[in-house]
Amino acid sequence: MDTREEESEYNQINQLLKNLRSLRLSRSEGNQRTFNCGGRVITLTEKPEIDFVACVRDEEYWMCKYLEKRFKRKEIENKSTVQIGSGCGLLSIAMSEFGASPIIVTGKESVVLLLEKNISNNDTFHNIQTKEFDWGQPASQLGQKMFSFVLAGCYFLSGDQNLEIIVETLVKLSGNGTTLILGIKRTLGGEKSQREILFRKMLGEFFDFATSREYIYTVNDGKVVVLQLKRKPYSTFLQF
Numbered sequence: 001m002d003t004r005e006e007e008s009e010y011n012q013i014n015q016l017l018k019n020l021r022s023l024r025l026s027r028s029e030g031n032q033r034t035f036n037c038g039g040r041v042i043t044l045t046e047k048p049e050i051d052f053v054a055c056v057r058d059e060e061y062w063m064c065k066y067l068e069k070r071f072k073r074k075e076i077e078n079k080s081t082v083q084i085g086s087g088c089g090l091l092s093i094a095m096s097e098f099g100a101s102p103i104i105v106t107g108k109e110s111v112v113l114l115l116e117k118n119i120s121n122n123d124t125f126h127n128i129q130t131k132e133f134d135w136g137q138p139a140s141q142l143g144q145k146m147f148s149f150v151l152a153g154c155y156f157l158s159g160d161q162n163l164e165i166i167v168e169t170l171v172k173l174s175g176n177g178t179t180l181i182l183g184i185k186r187t188l189g190g191e192k193s194q195r196e197i198l199f200r201k202m203l204g205e206f207f208d209f210a211t212s213r214e215y216i217y218t219v220n221d222g223k224v225v226v227l228q229l230k231r232k233p234y235s236t237f238l239q240f
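Residues 1 to 240, numbered by the numbering used here, are exactly what the sequence shown covers, in order.
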């Protein structure tokens, strides 16, 4: 089999997989929920049965409220933004309402079609792109070297993903002056886990905790911490 035949077979398999995912997504309408964010009502479809992030989690909701309350429009307007692990897209849709542009929302293969549906139904300004992307993948896949805002819900803190890969991805998507906003869910009394403590220590090599902002919101089963950090100047550390 020559290279062209291999490439053709690869493309056919990818298309088949995409069709299968589309069929699975369309078998049910999913649950619809509405949210008031960015001055308008946003209606989203959730499908937690296809992936645990395919719904609006507490971290994303309170990050959205944090941005709405703590930032002026001129601080966000025309600022490039990327959201890693975008769930149903609420946060990025809100950022679009706040004036951010361009915006890239990312998700794993299992949730990209759901993201595309929600963005299509709610993107008033048509400035949001949806891309398949996950932690550890080359940042070049997103078509931009750095962003003014990098947003992420820290769902990985309750799992076993490699924290070095997580931090490396955040660093490679940011540059001098980038604002990093993270949503962290705490249970068990709302105390920091050992994994969160380690994650913060690793982040501190590249992002400035001396000027950080941190807000804690109480939810039914614990607390949500929204953490805002600025990227340190390149000269203060060795790049990945």
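Ideal Cβ positions, reconstructed from N, Cα and C, are used throughout, including at glycine.
Between which two residues does the alpha helix (DSSP H) holding residue i run?
| i | result |
| --- | --- |
| T169 | L163 to K172 |
| S92 | L90 to F98 |
| S120 | V112 to N122 |
Suppose you measure from the CA of residue i to the CA of residue j; what does that come to, to the nearest Å?
| i | j | result |
| --- | --- | --- |
| K230 | L182 | 12 Å |
| Y155 | G222 | 14 Å |
| C64 | G153 | 11 Å |
| L163 | K79 | 27 Å |
| L90 | I76 | 16 Å |
| N220 | E60 | 15 Å |
| N118 | S193 | 33 Å |
| S22 | L113 | Low local confidence applies: a pLDDT of 43 at S22 is under 50, so the model's placement there is unreliable, with the coordinate-based value given in what follows. So the alpha carbons of these two residues sit roughly 7 Å apart. |
| L203 | S120 | 34 Å |
| I104 | V53 | 17 Å |
| K201 | Y217 | 22 Å |
| L173 | Y234 | 13 Å |
Do you know whose CA, among the options, lies nearest residue i's CA?
| i | options | result |
| --- | --- | --- |
| V82 | N122, N121 and T106 | T106 |
| I184 | K108, V225 and L170 | V225 |
| Y215 | E46, R186 and L203 | R186 |
| F207 | F125, L227, L115 and G189 | L227 |
| E132 | Q32, E68 and K108 | K108 |
| F35 | N122, P48 and Q141 | N122 |
| T179 | K201, F209 and E49 | F209 |
| S96 | R40, E205 and Y217 | R40 |
| W62 | T124, S92, R73 and I165 | S92 |
| G177 | I42, D58 and K232 | K232 |
Can the beta-carbon of residue i be found less than 9 Å from the beta-carbon of residue j?
| i | j | result |
| --- | --- | --- |
| P102 | Q129 | yes |
| A94 | G143 | no |
| V56 | G85 | no |
| D160 | S110 | no |
| E205 | L157 | no |
| K145 | G99 | no |
With respect to the beta strand (DSSP E) encompassing residue i, which residues constitute its N-terminal and C-terminal limits?
| i | result |
| --- | --- |
| R186 | T179 to R186 |
| E214 | F207 to V219 |
| E46 | R40 to E46 |
Use the C-beta contact count for residue i: other C-beta atoms within 10 angstroms, 16 or more gives buried, fewer gives exposed.
| i | result |
| --- | --- |
| R27 | Any reading at R27 must be qualified, since the residue scores a pLDDT of 41, below 50, and its modelled position is unreliable; the value itself is stated next. With fewer than 16 other Cβ atoms within 10 Å, it is exposed. |
| A139 | buried |
| K69 | exposed |
| L198 | exposed |
| E46 | buried |
| F147 | buried |
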